[in-house]
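Numbering (the numbering used here), first residue to last: 2 to 425.
Below you can see the structure in the form of structure tokens.
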């Protein structure tokens with residue numbers, strides 16, 4: 002290389018080095034890191050989920066099949082087992098476990114369209130639809146909060162463990178997630194009719210129906226809300242009863258007695274949930290898996306949720322009727338509702354997306370991110386009760402953010418998070 006060519010070459014090198022030196026690493030490096038991490042993590046979670054069996058889908062597909070072909074035996078465990086084995090050929094044994102359908106006939110009806118597809122193809126279609134619903138719901142929440150895709154919020158959303166659990170199971174909980182997200186947006190925009198109709202849809206996973214009552218307690222236009230939600234809930238209950246009838250109601254009670262009494266069969270031990278009653282089960286060395294124990298859990302849940310309902314009603318003038326009190330009610334409902342499982346905590350994406358962009362202090366950001374997101378990677382593998390404890394400690398922080406006139410500690414929390422701008 003002659004001298005002239007060398008000079009030209011070195012001049013070009015210096016030119017590009019000068020260009021690179023002016024690149025803002027923070028401006029370009031952070032977004033690149035967010036994109037790479039979010040993409041890799043999200044693909045890993047969803048790909049892993051698609052490689053699993055959608056076991057909850059088996060139960061709903063079985064329920065839909067019996068609803069159409071043999072409704073009189075919808076809650077007959079032996080018929081459920083034989084039908085499920087014929088459909089999915091998983092070599093389950095009645096004595097060692099299968100996925101029992103224990104939900105309402107209405108929830109089975111939602112899965113009837115899947116009967117047009119062969120069972121194993123329908124299973125993957127359900128997982129794909131679950132993923133699509135999650136992505137659509139996240140998109141709706143991002144647009145509602147005006148969040149940019151290239152933000153730290155995306156970092157936590159993409160690595161959110163319950164996404165895996167929801168896609169893996171392929172069950173109705175993801176549709177309820179969409180419903181609750183739309184409820185949240187209707188609540189914030191004070192669209193009472195929409196909020197009332199959406200709240201009634203919680204009937205499809207009836208253990209979360211108490212959330213509708215908590216929303217009633219914190220909503221300002223209660224009269225209009227109950228005029229819409231009340232008749233809609235009664236209508237769904239009537240349709241469900243007409244599908245069920247007295248015979249199936251008796252059969253359902255019998256199925257539930259067997260389901261909760263045989264955790265090694267097609268029931269489950271209570272300590273594997275993420276609600277407060279699972280925590281009590283661990284402390285108490287496990288509830289006795291008996292109808293009496295589960296009935297006791299149901300009564301305890303009713304009393305606890307009624308207590309919080311009354312508390313929120315009486316304290317209505319002490320808190321702002323915005324996002325924070327909604328998040329408080331949502332997390333409270335998850336923790337206080339029997340049989341809350343890791344996949345159900347997909348609901349936490351609603352406060353994750355809404356809270357993180359508003360937080361100004363590192364300590365509150367870290368506490369929120371760990372509690373609502375990262376801790377799943379520890380708790381989902383057999384230590385679910387630890388997450389329950391963490392959420393119980395986090396609830397008072399949320400309550401303080403919603404307080405109108407907080408005390409000394411509340412003022413510290415208020416300084417850690419930006420106040421909301423009115424939606425309307």
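Idealized CB from N, CA, C, for every residue including glycine.
- In the DSSP secondary-structure assignment, residue 76 is not bridged to any residue.
- In this structure, residue 165 and residue 46 form a Cβ contact; the two beta carbons are roughly 4 Å apart against a cut-off of 8 Å.
- Note: residue 418 is bridge-paired with 360 in the DSSP secondary-structure output.
- In the displayed model, residue 385 falls within a helix according to three-state DSSP.
- With a threshold of 16 other beta carbon atoms within 10 Å, residue 359 meets it and is buried.
- In this structure, the straight-line span from the alpha carbon of residue 258 to that of residue 379 is close to 32 Å.
- DSSP, read as helix, strand or coil, puts residue 404 in strand.
- Straight-line measurement puts the Cα of residue 254 at about 39 Å from the Cα of residue 324.
- Put simply, the backbone Cα of residue 89 is about 37 Å away from that of residue 372.
- Looking only at 233, 57 and 74, the smallest Cα-Cα distance to residue 251 is reached by 74.
- In the structure shown, the three-state DSSP call for residue 320 is strand.
- Of all C-beta pairs linking the segment 102-116 to the segment 192-207, three or more are shorter than 8 Å, placing the two stretches in contact.
- Short of 7 Å from the beta carbon of residue 240, and not among the five residues preceding or following it, lie these beta carbons of its own chain, in chain order: 107.
- Residues of the same chain with a CB within less than 7 Å of the CB of residue 404, apart from the 5 flanking positions on each side, are 319, 320 and 411 in chain order.
- Each of 57, 244 and 384 was checked against the Cα of residue 168, and the nearest Cα belongs to 57.
- Cβ contact annotation for residue 392 (same chain, cutoff 8 Å, sequence separation greater than five): 332, 335, 336 and 372, in chain order.
- DSSP places residue 220 outside both helix and strand once states are collapsed to three, so it counts as coil.
- By the Cβ-count criterion, residue 119 is exposed, with fewer than 16 other Cβ atoms from all chains shown falling within 10 Å of its own Cβ.
- DSSP places residue 344 outside any alpha helix (DSSP H), giving it a letter other than H or E.
- Setting aside the 5 residues that flank it on each side, residue 175 is surrounded in the same chain by 131, 134, 135, 167 and 347, each with a C-beta closer than 7 Å to its C-beta; the list follows chain order.
- By the neighbour-count definition (other C-beta atoms within 10 Å, threshold 16), residue 70 is an exposed residue.
- When Cβ pairs closer than 8 Å are counted between the two stretches, the segment 294-313 is seen to touch the segment 207-218, the count reaching three or more.
- The beta carbons of residue 374 and residue 161 sit closer together than 8 Å.
- Taking the CA atoms as reference points, residue 194 sits about 35 Å from residue 124.
- Its chain contains 199 as the residues whose beta carbon lies nearer than 7 Å to that of residue 183, once the 5 sequence neighbours on both sides are disregarded; these appear in chain order.
- Counting along the chain, the unbroken alpha helix (DSSP H) around residue 174 starts and ends at 174-190.
- Under the DSSP assignment, residue 274 falls outside any alpha helix (DSSP H); it carries neither an H nor an E label.
- Under the three-state reduction of DSSP output, residue 100 falls in the coil class, being neither helix nor strand.
- Per DSSP, residue 57 is one residue of the alpha helix (DSSP H) stretching across 56-70.
- In terms of CA proximity to residue 151, 36 leads the group 368, 36 and 356.
- Leaving aside the five residues that flank residue 159 on each side, the residues in its chain whose CB is nearer than 7 Å to its CB run, in chain order, 39, 42 and 43.
- In the three-state scheme derived from DSSP, where H, G and I count as helix and E and B as strand, residue 208 is classed as helix.
- Apart from sequence neighbours up to five positions away, the residues of its chain that approach residue 209 with a beta-carbon distance below 7 Å are 177, 203, 334 and 338, ordered along the chain.
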